[in-house]
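Engineer: Number 478 marks the last residue of the sequence shown (this note's numbering); no jumps.
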Amino acid sequence: MAESNTDTKSSNQMWGGRFASGPDAIMEEINASIGFDKKLFAQDIRGSIAHATMLAHQGIISAEDKDKIVHGLNTILSEIESGNFEFSRRLEDIHMNIEARLATLIGPAAGRLHTARSRNDQVALDFRLWVKEELEKTEKMLTGLIAAFLDRAEEHAESVMPGFTHLQTAQPVTFGHHCMAYVEMFGRDRSRVRHAIEHLDESPIGAAALAGTGYPIDRHMTAKALGFREPTRNSIDTVSDRDFAIEFLAIAAITGMHLSRLAEEIVIWSTPQFGFVRLSDAFSTGSSIMPQKKNPDAAELVRAKTGRINGSLIALLTIMKGLPLAYSKDMQEDKEQVFDAAESLELAIAAMTGMVRDMTVNTARMKAAAGSGFSTATDLADWLVREAGLPFRDAHHVTGRAVALAESKGCDLAELPLADLQAIHPDITDKVYDVLTVEASVASRKSFGGTAPSEVRKQIAFWRARN
Ligand code: ARG
């Protein structure tokens with residue numbers, strides 16, 4: 012650790028022309044991580060207390076020194092929590108900031124804490140603990156978002172809306188069914204979160220620099236004390252692995268992509284042209300020049316945050332891809348990506364949960380739109396198959412002619428007179444009108460996972476039992 016005060020040095024004569032300060036200051040600036048890794052203070056202290064306790068239990072340090080260390084660390088914890096801790100960039104990172112303060116507080120006993128440990132396994136531990144907590148928080152937030160969708164789905168199990176493919180009206184569906192599609196998506200995200208917690212649930216401490224240690228440590232004891240399932244099994248992998256951070260970012264990116272699709276739908280649905288939903292004032296803003304406007308800013312920002320999260324995933328994958336085993340300082344760049352993505356993801360989930368709960372659903376607009384665009388054409392074709400015994404391909408052709416006729420007359424399929432329909436196919440009877448309404452259309456789609464209200468209610472019950 013460079014102790015010289017570099018600000019008094021002049022810059023290097025050969026290459027330092029553009030630098031105001033000397034090379035040591037530049038080194039300090041590029042090397043220091045305290046600006047962001049101070050976030051890990053609680054994890055660092057927890058890890059150190061578990062490590063010191065184990066060292067004493069194994070007879071590697073005295074019980075007296077352990078007590079001093081633990082007491083000192085707890086003092087530091089309250090100093091940091093109450094904002095009475097002075098972080099120093101000269102001390103590089105959170106680990107050395109805490110250790111230096113410990114030495115000031117308890118004297119030489121502080122020097123025994125780092126026995127059988129390196130900053131390499133220390134940072135791997137602190138960061139894993141942080142990511143684990145963040146994953147647990149994400150799991151809870153996703154549960155909240157799923158609950159919001161379940162409530163809206165229940166309320167709108169019968170509300171008809173147009174279903175889209177290519178953003179063109181396809182077939183009528185229920186709004187409840189559409190909400191349940193998001194329940195499936197966020198349910199998958201949540202199970203990815205749970206798997207990631209299982210994957211990272213191994214304790215790195217005790218891997219030391221990379222090769223393990225000659226001290227008779229007990230890694231199972233520290234693993235248990237820190238709430239991990241077991242210790243990691245390979246000390247080299249332990250200090251060079253950042254899969255847990257990459258997995259967090261990958262999950263954040265996939266979840267972000269889902270949130271962004273939802274945000275996009277809300278942006279579209281809340282336009283005056285669609286008018287399917289009205290956002291609450293809490294999640295929209297007015298325009299400074301156009302008084303009539305209500306802009307879906309929160310949804311737009313959620314859509315944008317996804318880009319940022321994707322960037323973090325690609326950044327960390329790129330940071331890691333060329334690193335030889337084991338630790339390299341490149342890995343210090345892992346934290347900002349994860350911290351930034353975590354903050355964006357939390358905000359995005361919270362904003363979407365609020366929007367889903369608060370938005371007013373305009374069922375009349377949805378129903379009107381559901382009936383336009385010949386959305387029950389498939390129902391006509393299916394009727395011809397079922398009632399008139401036509402092969403589906405022929406029924407499709409007959410229906411196409413009926414759609415063309417309705418289009419040329421400027422009316423809906425249900426508004427075509429029976430004579431017109433019979434001119435297209437003589438077996439059509441007035442019974443056909445029963446299937447041409449949107450309600451009949453959705454009620455008929457009772458296949459497992461289909462849009463019929465009875466099916467949607469089954470899906471809701473399934474998820475309620477799991478949420
Ligand atoms: N601040 C460092 C990081 O975040 C801690 C580990 C330093 N290890 C080392 N061998 N220099 O990666």
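For every residue, glycine included, the Cβ atom is placed at its ideal position computed from N, Cα and C.
In terms of residue numbering, what span does the beta strand (DSSP E) encompassing Met172 cover?
Structural biologist: 171-176
Engineer: State yes or no: is the C-beta of Gln470 nearer than 7 Å to some heavy atom of the ligand ARG?
Structural biologist: no
Engineer: Does the Cβ of Met377 have 16 or more other Cβ atoms within 10 Å, making it buried, or fewer, making it exposed?
Structural biologist: buried
Engineer: To the nearest angstrom, how far is the alpha carbon of Glu213 from that of Ala381?
Structural biologist: 52 Å
Engineer: Given Arg475, which residues of its chain have a CB within under 7 Å of its CB, disregarding the five upstream and five downstream residues?
Structural biologist: Correct list, in chain order: Leu161.
Engineer: In terms of DSSP beta bridges, what is Pro183 paired with?
Structural biologist: Paired residues: Pro173.
Engineer: By Cβ distance below 8 Å, which residues in the same chain neighbour Phe197 in space, the five residues on each side in sequence not counted?
Structural biologist: Leu153, Leu156, Ile157, Phe160, Thr266, His269
Engineer: What is the DSSP secondary structure of Asn42, counted as helix, strand or coil?
Structural biologist: helix
Engineer: Which value, in whole angstroms, describes the spacing of the CA atoms of Asn108 and Leu237?
Structural biologist: 22 Å
Engineer: Bridge partners for Val288 per DSSP, in chain order?
Structural biologist: Paired residue(s): Val372.
Engineer: Between Glu90, Asp308, Thr233, which has its C-alpha nearest Ala67's C-alpha?
Structural biologist: Thr233
Engineer: Taking Arg57 as the reference, which of Gln69, Ile41, Ile87, Glu39 has the closest Cα?
Structural biologist: Ile87
Engineer: Taking the C-alpha atoms as reference points, what is the distance between Arg128 and Ala63?
Structural biologist: For Arg128 and Ala63, the distance between alpha carbons rounds to 10 Å.
Engineer: Check whether the Cβ atoms of Asp132 and Pro183 lie closer than 8 Å to each other.
Structural biologist: Not closer than 8 Å, so no.
Engineer: Between Ile247 and the rest of its own chain, which residues show a CB-CB distance below 7 Å, the 5 nearest in sequence each way excluded?
Structural biologist: Leu221, Leu336, Ala337
Engineer: To test your reading of the DSSP string, which unbroken alpha helix (DSSP H) runs of 4 or more residues are found completely within the segment 322-382?
Structural biologist: 345-369, 374-382
Engineer: Check this for me: beta carbons of Gly294 and Gly365, under 8 Å apart or not?
Structural biologist: Position check: residue 294 holds Phe in this sequence, whereas Gly was assumed. The answer is yes: Cβ separation under 8 Å.
Engineer: Cβ-heavy atom distance between His210 and the ligand ARG below 7 Å?
Structural biologist: No, since every heavy atom of the ligand ARG falls outside the 7 Å radius drawn around the Cβ of His210.
Engineer: So what does DSSP say about Asn306, is it helix, strand or coil?
Structural biologist: Strand at Asn306.
Engineer: Under 8 Å by Cβ, that's how I've got Asp431 and Leu416 pegged, so tell me the actual separation to the nearest angstrom.
Structural biologist: 6 Å
Engineer: Considering only DSSP beta bridges, list what Glu213 is partnered with.
Structural biologist: DSSP output for Glu213 lists Glu241 as bridge partner(s).
Engineer: For the alpha helix (DSSP H) that contains Lys148, what are its first and last residues?
Structural biologist: Counting along the chain, the alpha helix (DSSP H) containing Lys148 begins and ends at 130-166.
Engineer: If distances are taken between C-alpha atoms only, which option among Thr282, Ile72, Leu146 comes closest to Lys305?
Structural biologist: Comparing Cα-Cα distances from Lys305 to each of Thr282, Ile72, Leu146, the minimum goes to Thr282.
Engineer: To which residues does DSSP link Thr448 through a beta bridge?
Structural biologist: In the DSSP output, where bridge partners are listed per residue, Thr448 has none listed.
Engineer: Closest by CA to Phe52, which one among Lys420, Ala218, Phe138?
Structural biologist: For the options Lys420, Ala218, Phe138, the alpha carbon positioned closest to that of Phe52 is the one of Phe138.
Engineer: Return the chain-ordered ranges of every alpha helix (DSSP H) run that is complete within the segment 384-454 and spans a minimum of 4 residues.
Structural biologist: 388-399, 403-420, 429-435
Engineer: Could you please give me the residues that DSSP links to Thr296 through a beta bridge?
Structural biologist: Answer is Asn306.
Engineer: Could you check if Ser21 is buried or exposed, using at least 16 other CB atoms within 10 Å of its CB as the buried criterion?
Structural biologist: Only weak support is given to the placement of Ser21: the predicted model assigns it a pLDDT of 48, under 50, and the value that follows is read from those uncertain coordinates. Burial call: exposed.
Engineer: Put His68 into one of helix, strand or coil per three-state DSSP.
Structural biologist: helix
Engineer: Between Met370 and the rest of its own chain, which residues show a CB-CB distance below 6 Å, the 5 nearest in sequence each way excluded?
Structural biologist: Val288, Leu290
Engineer: Out of Leu178, Arg130, Glu165, which has the shortest C-alpha to C-alpha gap to Val250?
Structural biologist: Arg130
Engineer: Using the beta-carbon count (16 or more within 10 Å), is Asn16 buried or exposed?
Structural biologist: Only weak support is given to the placement of Asn16: the predicted model assigns it a pLDDT of 42, under 50, and the value that follows is read from those uncertain coordinates. Looking at its Cβ environment, which holds fewer than 16 other Cβ atoms inside 10 Å, Asn16 is exposed.
Engineer: Just how far apart, CA to CA, sit Tyr193 and Leu273?
Structural biologist: 8 Å
Engineer: For Ala315, count neighbouring C-beta atoms within 10 Å of its own C-beta (all shown protein chains included) and say buried if the count is 16 or more, exposed if not.
Structural biologist: Residue burial annotation: Ala315 is exposed, with fewer than 16 other C-beta atoms found within 10 angstroms of its C-beta.
Engineer: Excluding the five sequence neighbours on either side, which residues of its own chain have a C-beta within less than 7 Å of the C-beta of Leu356, listed in chain order?
Structural biologist: Thr149, Ala263, Thr266, Gly267, Ile320
Engineer: Since Leu391 and Leu424 should fall inside the 8 Å C-beta cutoff, what is the C-beta to C-beta distance between them, to a whole number of angstroms?
Structural biologist: Contact flag correct, Cβ pair sits at about 6 Å.
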